[in-house]
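>
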Amino acid sequence: LTHLTVSPNVVHGGVKSNVIAEEGTAEIDIRALPGQDETTVDDHFRKVLGSELYDRLQIEPIMDYAAGSSPMAGPLWEAVGDGYEHIAGTRRRFPYLISGTTDARFFRSRGVVAYGAGVFDDRMGTGEFASMFHGHNERVSVDSVGMTAEFLAATVERFAVHSVAQ
628 LTHLTVSPNV VHGGVKSNVI AEEGTAEIDI RALPGQDETT VDDHFRKVLG SELYDRLQIE
688 PIMDYAAGSS PMAGPLWEAV GDGYEHIAGT RRRFPYLISG TTDARFFRSR GVVAYGAGVF
748 DDRMGTGEFA SMFHGHNERV SVDSVGMTAE FLAATVERFA VHSVAQ
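Counting the sequence shown from 1 gives a position; the working numbering is that position plus 627.
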């Protein structure tokens with residue numbers, strides 16, 4: 628995810644194919660980046676649609692959660708690096724922004740650092756990995772589940788050490 632995305636996934640209009648509908652509705656899935664808010668989205672639609680059309684719209688948010696992120700620094704970040712080093716032999720972490728939502732938003736809204744992290748085997752490349760979430764062939768290998776469990780256990784252990792040290 629590198630920019631604001633807009634996907635009109637459900638559209639309703641008239642009841643007959645040969646009659647122009649008087650009005651219609653659209654359910655639009657909007658994914659904003661961390662730091663983009665309701666104003667960013669409104670500005671985008673006003674620019675694309677023009678002020679005259681935009682001002683005639685009735686907008687009703689269904690789910691309104693701000694995109695979040697956590698800093699790439701601190702005891703938990705270091706513990707994630709330690710856990711990954713335990714599995715992969717390197718501390719190199721690969722921050723990745725996905726266009727999904729997790730319960731982490733509830734923790735972040737209360738100031739708690741939260742990461743979604745896992746370790747995946749080398750059977751698929753980054754592009755295939757990113758496209759599999761909620762896709763037609765969503766899956767994860769058994770090896771990846773085992774690697775992630777070991778990574779998370781090592782991360783929790785290292786986090787306890789980092790937390791005590793501070």
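Every residue, glycine too, gets a C-beta built ideally from N, C-alpha and C.
Bear in mind that the values here come from a model prediction, so they are computed numbers and not experimental data.
Starting from the Cα of Leu680, find the closest Cα among Val637, Asp669, Leu779 and Met690 and give me that residue.
Of Val637, Asp669, Leu779 and Met690, the residue nearest in Cα terms is Asp669.
> Among His639, Gly662, Asn645 and Gln663, which has the Cα closest to the Cα of Glu654?
Minimum Cα distance to Glu654 is reached at His639.
> Helix, strand or coil for Leu731, going by three-state DSSP, please let me know.
The amino acid occupying residue 731 in the given sequence is Ala; Leu does not appear at that position. Helix.
> When you compare the CB positions of Glu705 and His763, do they come within less than 8 Å of one another, or not?
No, the pair does not count as a contact, with Cβ atoms beyond the cut-off.
> If you draw a straight line from the C-alpha of Val633 to the C-alpha of Asp656, how long is it?
Rounded to whole angstroms, Val633 to Asp656 spans 6 Å at the Cα level.
> Does Ala693 come within less than 8 Å of chain B when only Cβ atoms are used?
In the structure shown, chain B does not exist; there is a single protein chain.
> If you run the structure through DSSP and keep just helix, strand and coil, what is Glu649?
Reduced to three states, the DSSP call for Glu649 is coil.
> Considering Cα atoms alone, identify which of Val783, Met774, Glu777 and Pro635 is closest to Gly651.
Here the closest residue by C-alpha is Pro635.
> In its own chain, which residues sit with a C-beta less than 8 Å from the C-beta of Arg718, not counting the 5 before and 5 after it?
Cβ neighbours of Arg718 beyond the five flanking positions: Gly708, Asp709, Tyr711 and Glu712.
> What's the gap between the Cα of Phe721 and the Cα of Arg683?
Approximately 44 Å between the Cα atoms of the pair.
> Ala787: buried (16+ other C-beta within 10 angstroms of its C-beta) or exposed?
Ala787 is exposed by the Cβ-count criterion.
> Output needed for Gly641: all residues of its chain with C-beta closer than 6 Å, excluding positions within five of it in sequence on either side, in chain order.
Cβ within range, chain order: Ala648.
> Compute the beta-carbon to beta-carbon distance between Ser768 and Arg750, rounded to the nearest angstrom, for a pair I have assumed lies under 8 Å.
So it is a contact: roughly 6 Å between Cβ atoms.
> In whole angstroms, what separates the C-alpha of Gly662 from that of Gly695?
Approximately 8 Å, taken between the alpha carbons.
> Can you list, in chain order, the residues of its chain whose CB lies under 6 Å from that of Asp691, leaving out five sequence neighbours each side?
Cβ within range, chain order: n/a, list empty.
> Please go through the same chain and pick out, in chain order, the residues whose beta-carbon is closer than 8 Å to the beta-carbon of Leu631, but skip the five residues on each side of it.
For Leu631, where only same-chain residues beyond five positions count, the Cβ hits under 8 Å are Ile657, Arg658, Ala659, Leu660, Gln663, Thr667, Val668 and His671.
> Suppose you measure from the CA of Ile686 to the CA of Ala744; what does that come to, to the nearest Å?
Rounded to whole angstroms, Ile686 to Ala744 spans 35 Å at the Cα level.
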